[in-house]
Amino acid sequence: DAKTTQPPSMDCAEGRAANLPCNHSTISGNEYVYWYRQIHSQGPQYIIHGLKNNETNEMASLIITEDRKSSTLILPHATLRDTAVYYCIVGGYGQNFVFGPGTRLSVLP
Amino acid sequence: EPEVTQTPSHQVTQMGQEVILRCVPISNHLYFYWYRQILGQKVEFLVSFYNNEISEKSEIFDDQFSVERPDGSNFTLKIRSTKLEDSAMYFCASRAGTGAGNTIYFGEGSWLTVV
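First to last, the protein sequences are chains A and B.
All residue numbers for the first sequence refer to my numbering, where the first residue is 11 and numbers rise by one.
All residue numbers for the second sequence refer to my numbering, where the first residue is 15 and numbers rise by one.
In structure tokens:
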């Protein structure tokens with residue numbers, strides 16, 4: 011079973027920031043938080059990952075709480091092309107990634 | 015940017031036939047995976063492969079399935095005697111290492127339809 015819980019769906023206005031939450035209260039010290047997204051039935055696309063510090067790349071920012079029990083993926087200026095299912099995954103050394111149902115983000119014009 | 019490539023993108027097969035799905039992982043990666051996604055459902059882990067042997071498999075990956083790395087570049091999933099319920103998108107993935115910071119990269123998938 012997935013070690014994370016996410017809201018099943020969210021809406022966001024185009025051009026606004028999309029903030030996608032994820033709870034991972036049982037995360038252990040050496041496990042990372044990974045975010046992927048899946049547009050239609052395409053392959054899951056890697057977005058970002060982090061251990062405990064906040065991370066930013068060209069796609070998104072990842073904010074991890076100090077106790078590491080939850081995180082937020084931020085898409086700073088959502089576009090229609092960001093409409094997808096977003097998956098938050100917790101994984102550590104030697105662990106395979108287990109997908110939950112994710113959050114279906116709809117970016118609205 | 016290096017990517018995982020999969021062929022075919024779509025295959026239709028008769029029930030009971032054998033199917034081979036092919037994947038070319040990212041060239042310097044050592045760990046390989048197959049996942050599947052039945053239409054409308056979540057992405058499910060099937061099998062992981064390292065050093066020419068299976069390292070982990072799920073309950074889904076029964077004797078009907080097999081994986082192989084026949085040469086230095088390809089990684090295949092064989093499904094023997096396909097069933098209607100094998101209809102799904104199959105994703106190949108690869109990873110440089112299993113250190114906690116290593117990311118798994120997925121291909122675009124092979125859509126299998128069993129009729």
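The beta-carbon is built from N, C-alpha and C at its ideal position, and this holds for glycine as well.
This one's a predicted model, so the numbers in the text were calculated from it and none came from an experiment.
query	result
Which term fits residue 91 of chain A, buried or exposed, when burial requires 16 or more other beta carbons within 10 angstroms of its beta carbon?	exposed
Using DSSP's beta-bridge definition, name the partner residues of residue 94 of chain A.	A:115
Going along chain B in order, which residues have a C-beta closer than 9 angstroms to the C-beta of residue 51 of chain A?	51, 53, 103, 123, 125
Is the number of C-beta pairs between the segment 45-65 of chain A and the segment 30-41 of chain B that are closer than 8 angstroms three or more?	no
Taking 8 angstroms as the cut-off, does the segment 41-48 of chain B touch the segment 58-76 of chain B (at least 3 CB pairs, one atom from each stretch)?	yes
Which one of A:58, A:70, A:117, A:87 has the shortest CA to CA distance from residue 99 of chain A?	A:58
Please confirm whether residue 102 of chain B and residue 119 of chain B have their CB atoms less than 8 angstroms apart.	no
Identify, in the order they occur along the chain, each residue of the same chain with its Cβ nearer than 7 angstroms to the Cβ of residue 114 of chain A, setting aside the five sequence neighbours on each side.	18, 19, 95
Kindly indicate which residue of A:22, A:23, A:29, A:16 has the alpha-carbon position closest to the one of residue 35 of chain A.	A:16
Give me the Cβ distance between residue 109 of chain A and residue 12 of chain A, rounded to the nearest whole Å; I'm assuming they're in contact under 8 angstroms.	7 angstroms
When DSSP labels each residue in this structure, what does residue 44 of chain B get in the three-state scheme?	coil
The beta strand (DSSP E) spanning residue 33 of chain B covers which residue range?	33-38
Using beta carbons (cut-off 8 angstroms, strictly below), is residue 106 of chain A in contact with chain B?	yes
Please say whether residue 74 of chain A and residue 67 of chain A have beta carbons closer to each other than 8 angstroms?	no
List the residues of chain A whose Cβ lies closer than 8 angstroms to the Cβ of residue 112 of chain B, in chain order.	103, 104, 105
So what does DSSP say about residue 21 of chain A, is it helix, strand or coil?	strand
Compute the Euclidean distance between the alpha carbons of residue 113 of chain B and residue 88 of chain B, then round it to the nearest angstrom.	23 angstroms
Can you pull out the residues from the segment 53-79 of chain A whose beta carbon lies closer than 8 angstroms to at least one beta carbon of chain B?	53, 54, 55, 56, 59, 61
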